[in-house]
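Student: Protein sequences, first through last, are from chains V and R. Residue numbers are given in this note's numbering: position 644 of the first sequence equals residue 759, and the series is strictly consecutive. Residue numbers are given in this note's numbering: position 154 of the second sequence equals residue 269, and the series is strictly consecutive. Sending over a structure as structure tokens; questions will come in a sec.
Protein chains: 2
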Amino acid sequence: MSIKSAMSDFKRLKLNLVKPVPSDYEISRNQTPKHITEVAQESGILSNELEQYGSHKAKVKLDVLDRLHNVKNGKYILVTGITPTPLGEGKSTTTVGLAQAIGAQLGRKCFANVRQPSMGPTFGVKGGAAGGGFSQVIPMDEFNMHITGDIHAVGMANNLLAAALDTRIFHESTQSDKGLWKRLCPENKDGSRNIPIGLLPRMKKLGLDSKDPKEWTEEEIGKFVRLDVDPKTITWKRVLDLNDRSLRGVTINQAKTEKGLIRETGFDITVASEVMAILALSSSLKDMRERLGKMVVASSKAGEPITCEDLGCAGALTAIMKDAIKPNLMQTLEGTPVFVHAGPFANISIGASSVLADRIALKLAGTPAGLTPEQAKEQEGYVITEAGFDFTMGGERFLNIKCRSSGLAPDVIIIVATVRALKVHGGGADVKAGLPLPLEYTTENLEMLEKGCANLQKHIENARQYGVDVIVAINKMSNDTANEHAIIKKAALEAGAIDAIVSNHWEEGGQGALDLAHGVIKCANNEYPAQKTNPPQKFHYLYETEGLTIESKIEALASKMYGAGSVEFLPEAQAKIKEYTAQGFDNLPICIAKTQYSLSHDAKLKGVPKGFVFPIRDIKASIGAGYLYALAAEIQTIPGLATKCGFMNVEVNDDGEIEGLF
Amino acid sequence: MSIKSAMSDFKRLKLNLVKPVPSDYEISRNQTPKHITEVAQESGILSNELEQYGSHKAKVKLDVLDRLHNVKNGKYILVTGITPTPLGEGKSTTTVGLAQAIGAQLGRKCFANVRQPSMGPTFGVKGGAAGGGFSQVIPMDEFNMHITGDIHAVGMANNLLAAALDTRIFHESTQSDKGLWKRLCPENKDGSRNIPIGLLPRMKKLGLDSKDPKEWTEEEIGKFVRLDVDPKTITWKRVLDLNDRSLRGVTINQAKTEKGLIRETGFDITVASEVMAILALSSSLKDMRERLGKMVVASSKAGEPITCEDLGCAGALTAIMKDAIKPNLMQTLEGTPVFVHAGPFANISIGASSVLADRIALKLAGTPAGLTPEQAKEQEGYVITEAGFDFTMGGERFLNIKCRSSGLAPDVIIIVATVRALKVHGGGADVKAGLPLPLEYTTENLEMLEKGCANLQKHIENARQYGVDVIVAINKMSNDTANEHAIIKKAALEAGAIDAIVSNHWEEGGQGALDLAHGVIKCANNEYPAQKTNPPQKFHYLYETEGLTIESKIEALASKMYGAGSVEFLPEAQAKIKEYTAQGFDNLPICIAKTQYSLSHDAKLKGVPKGFVFPIRDIKASIGAGYLYALAAEIQTIPGLATKCGFMNVEVNDDGEIEGLF
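Next up, the structure:
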């Protein structure tokens, strides 16, 4: 296959490959990044579409989408993985390494689209999330810190809504309807009322917009000014972008000034906020505005959902988020463009980067109208986008929630596998961060690996249910043997993968991912013989959102994806299903929050568990983001810090550089 | 006086003056700002010293100070005010208007240095803080929102320290010394210990750095790994940049995972964090690193102060703050440069912008070595910097704390006065935001005004105690009469002001402040006859920090500045004085937290109260920032939202512009 450069003016940053591979931070610091304006220019972004944030980061305006409206999208490649170990199997590294291979080594337009990491884990045990080794987003310290402040904006928006809600309850508790009316909508000299712009949507929702406020009855005024929130139903929590376990459970309103309105609540980590999910799923500023307004924070005492719009907050939240909606541009270690945008929690949310970053990248990687198929193929670029956790969590949500929201569909699904994790699924001992690996992981063990490959096969079969072709990327590690790689490849092809390709990008950067790059390009163009004899189905979702009950959607996911025999809905979940169905929220897709360490709900069940009873404890709603989430486990939505934590290794040296991030 | 342009390449943005004056937001939006690179270039900032954040904001690297090391500083003008009303008397507006006059109208190098506003009040009752009318920082929506994220960085740093503290208490409660030692400093294969870089300062503090950890006794290990925090002594609170009254008092650690270690605490607004005060007072990255390490968060059970450094956090906090330390460049409505940097709470902290912004601006406004005095005078520029509240709060701290930290001293002190506020001090009825003004404020009332001028005179006399010349700026309002202005001028001159000048910048921008500009330049160059006959003393502080007790410093402030007859130290304050003296913190300057609506501690005492007993309820320590603060009142450190609040007026329009900020 001949590949012509579609980026003749692209300047590759050369790697200085060293073995053993130095620390991520050393590698990042030893590379000199291009100025971000250069990256932008090479990517086809016009200077008036770029907002620089320092020399190595920029925001890209959504105007690009208008300008490139008629461009045919580039190829859309989803990177997911098998059921991982706590060490991670290298999805981010593969995403970045593959982008370096296609972009810097093969000279094609290629974007890596990744999530913005939370600073909680960065200073906690997990460390940063810029990829690793010679496949990284740089500068890795800037990537792992504030970037352009989007997570901070999400936190502000989330917390303004929380403050507005609690303050409203406070003021309603001390004021009559008349008092509220007088203050919320003060009377003008001519007797008319000055209704704040933020309260107009509630006026409309109550059908009061057609009537002069002077004519409103006392009952109508009461309905308008009194939200009558039932404090027991509040689902909205405050957030911080930190691992602060002390805030998991808190009692608020304990100052004397708050007149005894104490209540129990808790904080989440910012990336678990619904506002973050909205940032990831919005298709425009206007769409974001609408979604923010729809967020449900509680119910009234009469059982009606209380929204952000009811509190008059949606405009202000949009103002806080108006820059955050623009995707951030950075670069890989080899100088190819990276979009870093949004980072919703992979458990209670979709764990993928933003729809807008993907759409912009697909246009920038796309081809103008009027080309011959041959020309188009030669000029076409690639967008490598990542979904959190394994295929059956992140990949499933990417397809059923994110793609449903964006209208896009991937051309290829990559499932990243490691010998190490497959051995865990074949009965190997547990592996833990910071502890030495047991013997089975440092020596060849074909039997254990062969057994464990069932896990990979299940993910491949799951992915194929959506009608998309699968390539397995075997993320090479130092103890792997050729025999082991051959076993994985055989199992992958048996399960219907188009190919299984070893990739050594961590050690060698883009060069190490060249085979994978060629395979992905071939697959995206339907050039594998297997694709010709057995052409793929058309992409489709696993379930329809309309016309199905909440239960049946959950059952479809549990049986077709996880391998459950049945689903048990616990009483709390049953009550919520009833409530959300009554409120008209039963036509939404479902995000299932469960452990990422098993295909089932039980982290101990490795390999491919079957026939188990899948428990749904509770169901919650992210109406603005546009999904319900069902809890199959108690999910910790704010992590803690360990005795020894990442922050203890961090220092700023005399040159003002950050040391010790990892 | 002839003034030659020192900024021949400066491009003035013309004002389209309209009466009545439109809303701040309309004025801001109707002006097209210059690109920030243009503002930087005109200001003498090199392109490699600039980090753009979008088109209208940039960070300026501290390298400027090295490059301009030999430059003689420009003139340093401090803007303060009389005891204000809740409506504010226009210090920010005067700061910006004067900078527009000197910079854009007279064509001299001139910087306005202001604080970054908190988003709490922006969405609360007070609104934004960009100045007002035709004297504003633009774009005012960007000014009032995130700017470059410094406040978010302050919040992150503050809250990481809080999480580290509570988590450490948790882990110490469940682990033996041996267990802590094993985890904090894991053993290497050769038996040596891997001590995290963040814990090295504690090792040194305990004198353990000279001894191989293998040789440490059990007692030494225990001392090193166990901070033994007394939870009752914790002074460190979490912060949010919001008006969230529900968080004033909270109980944390209530989740089951926290094993019953519940404790009561509260949140402050981010700008009240000691980290923000440190940002304002630091002279370099290294100085900031040291100050962050010195912050005291609690005492051990043995009564020793526990610092950020003891928790191993100071490096990580510095990493979080490493970009925040660079001052932000924006522009006025007439295109002159503005530094917006830091915004410490004006009550429990200094309420002034940063030392670094002032130092950089003074160099950029300065003159090269080797000029004749005549040449220097012609080329010399001006830095107009503002201090919060009245002279006797913000001005006093500016001189005794900020100047002591920076080594700088102002050339002129401007005291902003309004007819309205002076009438309040002369016995006029209370004025309140949102309510119509009583009759005495809309008609001439010379008697009331004359009586009220005593307040202005006291501030002038207070300012003159520091050996700096005072100019009174009479901030003109529409109901003022020429007779009223004449009375203020007479009173000001009597009290020792060099001049009192009417300024109409709100309505007319820089043009309206031209008289004030000429007066300030004349005063800064000692050209007033009064300055020649009676040359000013040399600048000096009100009190020495060393060799005086905490009590005597507070007594000096209360008697010489506020007019108190005596000071009463309540028991809590007495206990703290004893504690801080024992801990060696008695050699610090003092910041007194009291109402801004009276020279005394009692907001109801207008004019010039005398002989009252000034109560000190409690004393707290900001060791990293470098001062103690004494509470003469219960200070609310996180505001609340009103029934109708700023956020209800905010919307983002179809062009993506924010509407409704004020």
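Beta carbons: idealized from backbone N, C-alpha and C, even for Gly.
Does any CB atom of chain V fall closer than 8 Å to the CB of R:N764?
Tutor: Numbered from 1 along the second sequence, position 649 holds the residue referred to as residue 764 of chain R. Yes, its Cβ sits closer than 8 Å to a Cβ of chain V.
Student: Got a sec: is the Cβ-Cβ distance from V:K216 to anything in chain R below 8 Å?
Tutor: Walking along the first sequence from the start, residue 216 of chain V turns up at place 101. The sequence given here has Ala at residue 216 of chain V, not Lys. Output row for V:A216: interface = no.
Student: Could you pull the start and end residues of the beta strand (DSSP E) that V:P420 belongs to?
Tutor: To locate residue 420 of chain V, count along the first sequence from 1; it is residue 305. Here the beta strand (DSSP E) through V:P420 covers P420 to T422.
Student: Taking the straight line between their C-alpha atoms, what separation do you get for R:A431 and R:I284?
Tutor: Here residue 431 of chain R is taken as the residue at index 316 of the second sequence, counted from 1. Here residue 284 of chain R is taken as the residue at index 169 of the second sequence, counted from 1. Straight-line Cα distance between these residues: approximately 19 Å.
Student: Flag R:H620 as yes if its beta-carbon sits less than 8 Å from any beta-carbon of chain V, otherwise no.
Tutor: By 1-based counting over the second sequence, the position of residue 620 of chain R is 505. Answer no: the Cβ-Cβ gap between R:H620 and chain V never drops below 8 Å.
Student: Output, in chain order, the set of chain V residues within a Cβ distance shorter than 8 Å of R:E379.
Tutor: Here residue 379 of chain R refers to the residue found at position 264 of the second sequence. Going along chain V in sequence order, the residues near R:E379 (Cβ under 8 Å) are Q369.
Student: Would you tell me roughly how many angstroms separate the C-alpha atoms of R:T422 and R:A277, rounded to the nearest one?
Tutor: On the second sequence, position 307 is the one that residue 422 of chain R refers to. On the second sequence, position 162 is the one that residue 277 of chain R refers to. Taking the straight line from one Cα to the other gives about 11 Å.
Student: Rounded to whole angstroms, what's the CA-CA distance from R:G203 to R:T507? Just pull it up for me.
Tutor: Walking along the second sequence from the start, residue 203 of chain R turns up at place 88. Walking along the second sequence from the start, residue 507 of chain R turns up at place 392. R:G203 and R:T507: Cα-Cα distance of roughly 15 Å.
Student: Return helix, strand or coil for V:T557, following the three-state DSSP convention.
Tutor: To locate residue 557 of chain V, count along the first sequence from 1; it is residue 442. Three-state DSSP puts V:T557 in a helix.
Student: Going by the DSSP bridge assignment, what does R:C225 pair with across the sheet?
Tutor: The residue given as residue 225 of chain R occupies position 110 in the second sequence. Its beta-bridge partners are R:Y497.
Student: Pull up the DSSP beta-bridge partners for V:T447, would you.
Tutor: Sequence index remark: in the first sequence, residue 447 of chain V carries index 332 (1-based). Paired residues: V:V252.
Student: Give the DSSP bridge partners of R:C706, in chain order.
Tutor: Here residue 706 of chain R is taken as the residue at index 591 of the second sequence, counted from 1. Partner(s): R:Y744.
Student: Work out the CA separation of V:L776 and V:T557 for me, nearest whole Å.
Tutor: Position 442 of the first sequence, counted from the start, is the residue given in the question as residue 557 of chain V. Position 661 of the first sequence, counted from the start, is the residue given in the question as residue 776 of chain V. Going from the Cα of V:T557 to the Cα of V:L776 covers about 27 Å.
Student: In this structure, how does DSSP classify R:Q113 when only helix, strand and coil are distinguished?
Tutor: Lying before the first or after the last residue shown, residue 113 of chain R is absent from chain R, which here runs from 116 to 777.
Student: Is V:I773 near V:A747, with beta carbons less than 8 Å apart?
Tutor: The count along the first sequence starts at 1 and reaches residue 773 of chain V at position 658. The count along the first sequence starts at 1 and reaches residue 747 of chain V at position 632. Result no, Cβ atoms of V:I773 and V:A747 do not sit closer than 8 Å.
Student: Measuring CB to CB, does V:Q215 end up less than 8 Å from V:T447?
Tutor: If you number the first sequence from 1, residue 215 of chain V lands on position 100. If you number the first sequence from 1, residue 447 of chain V lands on position 332. A contact, by the Cβ cut-off of 8 Å.
Student: Would you report the Cα separation of V:L631 and V:L213, rounded to the nearest angstrom?
Tutor: Taking the first sequence and counting its residues from 1, one reaches residue 631 of chain V at position 516. Taking the first sequence and counting its residues from 1, one reaches residue 213 of chain V at position 98. If I take the Cα positions, the gap works out to 7 Å.
Student: Starting from V:F777, follow the beta strand (DSSP E) in both directions and report where the run begins and ends.
Tutor: As a first step, residue 777 of chain V is located in the first sequence; it is residue number 662 there, counting from the start. Per DSSP, V:F777 belongs to no beta strand (DSSP E) and is neither H nor E.
Student: Between the segment 146-174 of chain V and chain R, which residues of the former have a C-beta closer than 7 Å to a C-beta of the latter?
Tutor: Within the segment 146-174 of chain V, the residues whose Cβ lies closer than 7 Å to some Cβ of chain R are E166, Q167, Y168, G169 and S170, listed in chain order.
Student: Relative to the C-alpha of R:P442, which residue among R:K371, R:E141, R:V470 and R:L357 is closest?
Tutor: Locating residue 442 of chain R in the second sequence gives position 327, where the first residue counts as 1. The candidate whose alpha carbon is nearest that of R:P442 is R:V470.
Student: Mark R:Q369 as exposed unless 16 or more other C-beta atoms lie within 10 angstroms of its C-beta, in which case mark it buried.
Tutor: Here residue 369 of chain R refers to the residue found at position 254 when the second sequence is read from its first residue. Buried: at least 16 other Cβ atoms inside 10 Å.
Student: Any C-beta of chain V sitting closer than 8 Å to the C-beta of R:G485?
Tutor: Within the second sequence, residue 485 of chain R is the residue found at index 370, counting from 1. Closer than 8 Å: no.
Student: Between V:V585, V:V682, V:A597 and V:K668, which lies nearest to V:N641 when the distance is taken from Cα to Cα?
Tutor: Taking the first sequence and counting its residues from 1, one reaches residue 641 of chain V at position 526. Ranking the options by Cα distance to V:N641, first place goes to V:V585.
Student: Please report whether the beta-carbon of V:P135 lies at a distance below 8 Å from any beta-carbon of chain R.
Tutor: The residue labelled residue 135 of chain V in the question sits at position 20 within the first sequence. No, its Cβ sits nowhere closer than 8 Å to a Cβ of chain R.
Student: If you pair each beta-carbon of the segment 260-278 of chain V with each one of the segment 381-389 of chain V, do three or more pairs fall below 8 Å?
Tutor: The segment 260-278 of chain V vs the segment 381-389 of chain V: in contact.
Student: Looking at the C-beta of R:F238, does it have a partner C-beta in chain V at a distance below 8 Å?
Tutor: Position 123 of the second sequence, counted from the first residue, corresponds to residue 238 of chain R. At least one chain V Cβ lies under 8 Å of R:F238.
Student: Taking Cβ-Cβ distances below 8 Å as the criterion, which residues of the segment 419-451 of chain V are in contact with chain R?
Tutor: Those would be G427, C428, G430, A431, T433, A434, I435, K437 and D438, in chain order.
Student: If the cut-off is 8 Å on Cβ atoms, which residues from the segment 307-328 of chain R count as contacting chain V, listed in chain order?
Tutor: Correct list: P311, I312, G313 and L314.
Student: Just by C-beta distance, which residues in the segment 392-411 of chain V are closer than 7 Å to chain R?
Tutor: Taking 7 Å as the Cβ-Cβ cut-off against chain R, the residues of the segment 392-411 of chain V that qualify are L400 and R404.
Student: Around the Cβ of V:E333, are there at least 16 other Cβ atoms within 10 angstroms (buried) or fewer (exposed)?
Tutor: Position 218 of the first sequence, counted from the start, is the residue given in the question as residue 333 of chain V. By the 10 Å Cβ count, V:E333 comes out exposed.
Student: Is it buried or exposed for R:T289, if we count other Cβ within 10 angstroms and need 16 for buried?
Tutor: Numbered from 1 along the second sequence, position 174 holds the residue referred to as residue 289 of chain R. It counts as exposed.
Student: Could you give the first and the last residue of the continuous beta strand (DSSP E) run that contains R:L165?
Tutor: Start at 1 with the first residue of the second sequence, and residue 165 of chain R comes out as number 50. Start and end: L165 to Q167.
Student: Between V:V412 and V:S667, what straight-line distance do the alpha-carbon atoms span, to the nearest angstrom?
Tutor: As a first step, residue 412 of chain V is located in the first sequence; it is residue number 297 there, counting from the start. As a first step, residue 667 of chain V is located in the first sequence; it is residue number 552 there, counting from the start. Approximately 26 Å between the Cα atoms of the pair.
Student: Could you have a look at R:D292 and say whether DSSP puts it in helix, strand or coil?
Tutor: For the purposes of this step, residue 292 of chain R is identified with residue 177 of the second sequence, where counting begins at 1. Note: R:D292 maps to helix in three-state DSSP.
Student: In whole angstroms, what is the alpha-carbon distance linking R:L295 and R:H286?
Tutor: Within the second sequence, numbered from 1, the residue matching residue 295 of chain R stands at position 180. Within the second sequence, numbered from 1, the residue matching residue 286 of chain R stands at position 171. Going by the C-alpha atoms only, they are around 8 Å apart.
Student: Buried or exposed: where does V:P135 fall if 16 or more other Cβ atoms within 10 Å of its Cβ makes it buried?
Tutor: Here residue 135 of chain V refers to the residue found at position 20 when the first sequence is read from its first residue. Looking at its Cβ environment, which holds fewer than 16 other Cβ atoms inside 10 Å, V:P135 is exposed.
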